[in-house]
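Here the structure is laid out as structure tokens; the discussion comes afterwards.
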Amino acid sequence: YQHNIRGFASKKEALYQNLQQQQPHVCLLQECFKSFNPIKDFAFNLQYNPTFGESGRACILSRCDLVTKQHQFLNNIKNKYNNIGYESCWISLTWPKNQPILFCSLYRNQKYNPQQTIYQPPPSSFFPIFHYFQLEVLEAKRISSNIVIGGDFNAKHVIWGSSESDVIGEELYDFAVQNGLFIKNNGQDTYITPHSSSCLDITLCSSTLTRLISNWSSDNQEFDVGSDHEPVTFNLLIQSYQNRLDSVPH
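Numbered according to my numbering, the sequence shown spans residues 2 to 251.
The structure is reproduced here in structure tokens:
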């Protein structure tokens, strides 16, 4: 399950009810902010382990019956959201006799100005966000080749369903190709207002998982919390030597 919930304080009751009813295994959330404190606010900790990015703009909830671990990359960079244009959050999910799966939640800063930061990337074809995020992906690949990334990239491209492509969308597409990541969107809009709609929320995965991810949808109203971003759901089929989890929802 992947969703920009646009602030936790006003959405917490609906989110909690949805998670209790649907029980997704992993939730890749954006725009929660540090006001999202599931352990303090209610009995989230009985069902989900929360993992936050630096400010809470990126967050992952993983069910307590899963074996997960948080991973932090680029620790030398502080205030990543403002200084390099995005915030990310990573966990790994492990099960017996298999490589772990790394999950990442990402939120891009639309107002980021690379001229107003002390962190200047070397010259490259990527926007600064993709230079730095590529470093994170390379670090993640050292842990496992199995990667799922869900985020509000605020990027448009006809490949994933937008009516037109913008510059950041072109860069994201090039980034995905260069890093061997597959786009799982099916063309449905993920951002809908009374005046416009587009596909801004993207799901990426490594080649090792692309055939195991199915049923991608942004039309699952069972996860609706009243955000102008649509909830994204998909299934990840996990097979292991000891067990098989059929149609694991995320």
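Glycine is no exception: its CB is placed at the ideal position from the N, C-alpha and C atoms.
Which of the three DSSP states is assigned to ARG109 in this structure? strand
Select from LEU94, THR118, ILE92 and LYS81 the residue whose C-alpha is nearest the C-alpha of ARG109. LYS81
Does the region 217-227 come close enough to the region 172-180 that 3 or more CB-CB pairs lie under 8 Å? no
Using DSSP with H/G/I as helix, E/B as strand and the rest coil, what is GLY152? strand
Measuring only the C-alpha atoms, how far is LYS112 from PHE128? 13 Å
As an exercise, report each continuous alpha helix (DSSP H) stretch of at least 4 residues that is fully enclosed by the region 140-189, in chain order. 168-179
How many whole angstroms separate the CB atoms of CYS206 and PHE183, which I take to be in contact at a CB cut-off of 8 Å? 5 Å
Identify whether GLU55 lies in helix, strand or coil by the three-state DSSP scheme. coil
Member of GLY54, TYR17 and GLU32 whose CA lies at the smallest distance from the CA of ARG64: TYR17
Can you list the beta strand (DSSP E) stretches of 3 or more residues lying completely in the region 60-94, in chain order? 68-72
For TYR49, three-class secondary structure by DSSP: strand
Applying the criterion that 16 or more other CB atoms from any shown protein chain within 10 Å of the CB defines a buried residue, is THR299 buried or exposed? Only positions 2 to 251 of the chain appear in the structure, and residue 299 is not among them; the question remains open.
By DSSP, does VAL27 sit in helix, in strand, or in coil? strand
Backbone secondary structure at ILE119 - three-state DSSP: coil
PHE235 (DSSP reduced to helix, strand or coil): strand
Do CYS105 and VAL149 have their beta-carbon atoms positioned less than 9 Å apart in this structure? yes
Does the region 6-20 touch the region 153-169, meaning 3 or more C-beta pairs lie closer than 8 Å? no
For the candidate residues LEU210, SER228, GLY227 and PRO232, whose alpha-carbon lies nearest to that of PRO101? LEU210
Reference HIS253, options LEU62, ILE61 and ILE92, closest by Cα: No answer is possible for residue 253: the residues shown for the chain start at 2 and end at 251.
Starting from HIS4, trace the beta strand (DSSP E) in both directions and tell me its first and last residue. 3-5
If you measure between the beta carbons of ASP229 and TYR174, is that distance less than 9 Å? no
Excluding the five sequence neighbours on either side, which residues of its own chain have a C-beta within less than 6 Å of the C-beta of LYS70, listed in chain order? SER93
TYR1 to SER208, Cα distance in whole Å? Given a span of 2 to 251 for the chain in the structure shown, any question on residue 1 remains unanswerable.
So what's ASN221 in DSSP terms, helix, strand or just coil? coil
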